[in-house]
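In the working numbering, the protein residues as written are 7 to 183.
What follows is a single structure, written as C-alpha cells, with notes after it.
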Ligand code: GAR
C-alpha cells in the first residue's frame, strides 16, 4: 500500500478530508510547522503519527527544509501532500521530492498564485473561481495541474463566503487527486 505524509500549518480541513475519504493508502504521518496547528490534534485522535518541525528556531529556510526532509524521509513516503502548508519551500527541498510532492491552492491556477486569492478574485471581478491540485515545482504555485474544481462567484460574495464555497470543492478534489 502506498504511503503518504501530509504537511499542515493550521486547521487541517483538507488533511481531514483525505483521512475521511478512507482511501486505499496509509497516512504515515501528519507533520506541522507550528506546535499549535489545530489539525495535529485531529490526526492524533485518529491514531495517526504526528510530528512538529517548528520553522522558528531555524536561521535559514534551507536549515528548516533540511530538518523537515529528515522528518519526512523517516516515514519513507511515496507521496508528500501539502495541505494548507504555508511555507515557501527551497528549490533543494522541491527537487528532492520531484514528482511526488503535491499541493492544493485556493484558485484556478495560473490565476491568482500567492496569498489572499479570494479577495483578489473578487477585486478582479472574475465570475468563476476555484481550486487546483498541482505537482510542486521550484516556482511557487506553478507546476503540472492534477485536478481543478470551479465555483461560481456571486454578486454578494465576500472573501469569506467565496472561500467557504471553494473549500467545499477542495475537500472533494484533494482526496480524488
Ligand atoms: C486551504 O484553502 C488551502 O487551499 C490553502 O490554505 C487553506 C488551508 O485550509 N492553501 C494555500 O493557500 C497554500 N498556498 P486547511 O488547513 O483547512 O486545509
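The C-beta atom is built at its ideal place from N, Cα and C for all residues, glycine as well.
*Beta-carbon proximity check, residue 10 vs residue 91, cutoff 9 angstroms*: Judged by their CB atoms, residue 10 and residue 91 are not nearer to each other than the 9 angstroms cut-off.
*asked:* Going by DSSP, what residue range makes up the beta strand (DSSP E) through residue 181?
replied: Unbroken run through residue 181 is the alpha helix (DSSP H), 165-182; no beta strand (DSSP E).
*Quick one: what's got a C-beta closer than 8 angstroms to residue 94's C-beta in the same chain, skipping five residues either side?*
67, 146
*List the endpoints of the continuous beta strand (DSSP E) containing residue 98.*
Per DSSP, residue 98 lies in no beta strand (DSSP E) segment; the continuous alpha helix (DSSP H) that holds it begins and ends at 97-102.
*Give a yes or no on whether 9 angstroms exceeds the smallest Cβ distance from residue 56 to chain C.*
Absent from the structure is chain C; it holds one protein chain and no more.
*Locate the alpha helix (DSSP H) running through residue 156, then write down its first and last residues.*
DSSP places residue 156 outside any alpha helix (DSSP H); the residue lies instead in the beta strand (DSSP E), whose first and last residues are 151-158.
*Member of 158, 125, 20, 8 whose CA lies at the smallest distance from the CA of residue 134*: Closest by alpha carbon: 158.
*asked:* Can you confirm whether the stretch 59-77 touches the stretch 104-112 when touching is taken to mean that 3 or more C-beta pairs between the two stretches lie within less than 8 angstroms?
replied: no
*Report whether the distance from the Cβ of residue 15 to the nearest heavy atom of ligand 1 is below 8 angstroms.*
Yes.
*Using the DSSP secondary-structure output, state which residues sit across from residue 56 in a beta bridge.*
36
*Mind checking which residues open and close the alpha helix (DSSP H) that includes residue 123?*
123-130
*Below 8 angstroms, can you find three or more Cβ-Cβ pairs linking the stretch 98-106 to the stretch 32-46?*
Flag = no, the stretch 98-106 and the stretch 32-46 do not touch.
*Cβ of residue 165 within 9 angstroms of Cβ of residue 128?*
Judged by their CB atoms, residue 165 and residue 128 are nearer to each other than the 9 angstroms cut-off.
*Apart from the five residues just before and just after residue 150, which ones in its own chain have a Cβ nearer than 7 angstroms to its Cβ?*
Exclusion of the five residues before and after residue 150 leaves 140, 141 as the residues of its chain whose Cβ lies within less than 7 angstroms of its Cβ.
_Cβ separation of residue 33 and residue 59, assumed to be a contact under 8 angstroms, to the nearest whole Å_ = Contact doesn't hold; Cβ gap of about 17 angstroms is too wide.
*May I ask which residues mark the beginning and end of the alpha helix (DSSP H) holding residue 91?*
First-last for residue 91: undefined, no H or E at that position.
*Buried versus exposed, by CB contacts within 10 Å (16 or more), residue 21*: buried
_I want to check one thing, is the minimum distance from the CB of residue 112 to the heavy atoms of ligand 1 below 8 angstroms?_
yes
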